[in-house]
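Novice: A single structure is presented below for examination.
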Amino acid sequence: TAAESGKDEL
Amino acid sequence: MNIFRLAGDMTHLVSVLVLLLKIHTIKSCAGISLKTQELYALVFTTRYLDLFTDYISLYNTVMKLIFLGSSFSIVWYIRRHKIVRRSYDKDQDTFRHYFIVLPCLVLALLIHHKFTFKEVMWTFSLYLEAVAILPQLVLLQRTRNIDNLTGQYVFLLGAYRALYILNWIYRHYTEPHYVHWITWIAGIVQTLLYADFFYYYFQSWKNNVKLQLPA
């Protein structure tokens, strides 16, 4: 998921 | 979202707004590196390709659009605005884009998590962001008189990176699957680049004298 791969950060 | 991440994002946002407001109100970009600003525009463009493919949150989307919009506005002001562009000191801002962009691109092609266009571009943006401040730091060192706003802009950018490191440490302990070593290494390198600047910034603040970097 986005959170697990750090893609939820800017 | 933890407090470090939010504080980091807000610091980043304020840094960009400080710069944009400075340029807009005093109609001058003295002391600002166009090279760094163009590299940031490239960083945001390559990182936020997922705007078209994934939806994470409203916060995420809005912030991405703000960063894209503000970075391109700043570049536009320095390049095209008929008054602002006159204050741009081209002869001092001599760092070559390709010295920074090419190595980052090669590194992203070699070291990434997945060999897809989006993932390589995302990785490239992380490497590029880590070193994009270099032309600005070189320019600061050449400019004997650093105005307050430029100093604050660079300080806020550095603070944003430091807060992101705290955010990663926090997430590392609270989210067991959260491991992202490329982000970590690029982020730590980026923060270290500010160490020298931070030292002189705090010295000038403590002694209440104008910020000057040694030649």
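Sequence order for the protein chains is A and B.
So the first sequence is numbered by this note's numbering: it starts at 2 and just counts up by one.
So the second sequence is numbered by this note's numbering: it starts at 7 and just counts up by one.
Glycine included, every Cβ here is placed at the ideal spot set by N, Cα and C.
#1: Could you name the residues of chain A that I62/B contacts, counting a contact when the two beta carbons are closer than 9 Å?
#2: Residue ranges of each alpha helix (DSSP H) run of no fewer than 4 residues wholly in the region 38-126 of chain B, ordered along the chain?
#3: Tell me which residue opens and which closes the alpha helix (DSSP H) that D197/B is part of.
#4: Would you mind giving the Cβ-Cβ distance between L163/B and I139/B, rounded to the nearest angstrom? I have them listed as a contact below 8 Å.
#5: Among H186/B, L172/B and A201/B, which has the Cα closest to the Cα of D15/B?
#6: Does DSSP put L219/B in a helix, a strand or coil?
#7: Should the region 69-83 of chain B be regarded as contacting the region 19-38 of chain B, the criterion being three or more beta carbon pairs within less than 8 Å?
#8: Give every residue of the same chain whose Cβ lies closer than 7 Å to the Cβ of Y94/B, excluding the five residues on either side of it in the sequence, and list them in chain order.
#9: Thinking C-alpha only, which one of T129/B, Y176/B, E181/B and F208/B is nearest V160/B?
#10: Would you say F73/B lies against chain A (beta-carbon separation less than 9 Å)?
#11: On the criterion of 16 or more Cβ atoms from any shown chain inside 10 Å, does E181/B qualify as buried, or is it exposed?
#12: For the pair the region 37-53 of chain B and the region 128-144 of chain B, tell me if three or more CB-CB distances fall below 8 Å.
#13: In angstroms, rounded to a whole number, what distance separates the CA positions of G10/A and W190/B?
#14: Compare the C-alpha of F101/B against each of A201/B, E44/B, F73/B and I152/B and name the closest.
#15: I'd like to know whether the C-beta atoms of V137/B and F73/B end up nearer to each other than 9 Å.
#16: Rank I62/B, A47/B and S63/B by C-alpha distance to the C-alpha of S76/B and give the top, closest one.
#17: Taking C-beta pairs closer than 8 Å, name the residues in chain A that N66/B reaches, listed in chain order.
#18: Near L111/B, which residues of its chain fall below 8 Å by C-beta distance, leaving aside the five closest residues on each side in sequence?
#19: How would you label L115/B, buried or exposed, when you count the other beta carbons within 10 angstroms and need 16 or more for buried?
#20: Skipping 5 residues on each side, what residues in its chain have a beta carbon closer than 6 Å to that of G157/B?
#21: Hey, how far is the Cα of D97/B from the Cα of L26/B?
Specialist: Let me lay it out:
#1: Neighbours of I62/B in chain A, taken as residues whose beta carbon is under 9 Å from its own, are A3, A4, K8 and D9 in chain order.
#2: Correct list: 40-53, 64-86 and 103-116.
#3: The question names Asp, but residue 197/B in the sequence shown is Thr. From DSSP, the alpha helix (DSSP H) with T197/B extends over W187 to L199.
#4: A Cβ-Cβ separation of about 7 Å places L163/B in contact with I139/B under the 8 Å criterion.
#5: Taking only the C-alpha atoms, the option nearest D15/B is L172/B.
#6: Under the three-state reduction of DSSP output, L219/B falls in the coil class, being neither helix nor strand.
#7: Result yes; three or more Cβ-Cβ pairs closer than 8 Å.
#8: Once the five neighbours on either side are set aside, the close Cβ partners of Y94/B are C35, L40 and I84.
#9: F208/B is the residue among T129/B, Y176/B, E181/B and F208/B whose C-alpha sits nearest the C-alpha of V160/B.
#10: It does: the Cβ of F73/B has a partner Cβ on chain A nearer than 9 Å.
#11: For E181/B, the number of other beta carbons within 10 angstroms of its own is below 16, and it is reported as exposed.
#12: Enough Cβ pairs lie closer than 8 Å, so yes.
#13: Checking the displayed sequence, the identity of residue 10/A turns out to be Glu instead of Gly. As the crow flies, the alpha-carbon of E10/A is around 12 Å from that of W190/B.
#14: Selected option, being the one with the closest Cα: E44/B.
#15: In this structure, V137/B keeps its C-beta atom at 9 Å or more from the C-beta atom of F73/B.
#16: Answer by Cα proximity: A47/B.
#17: Per Cβ cutoff of 8 Å: D9 and L11.
#18: Closer than 8 Å at the Cβ level, and outside the excluded window around L111/B, lie F130.
#19: Sixteen is the threshold: since fewer than 16 other Cβ atoms of the shown chains lie within 10 Å of the Cβ of L115/B, the residue is exposed.
#20: Within the same chain, G157/B has close Cβ partners L217.
#21: Using only the alpha carbons, I get a separation of about 22 Å.
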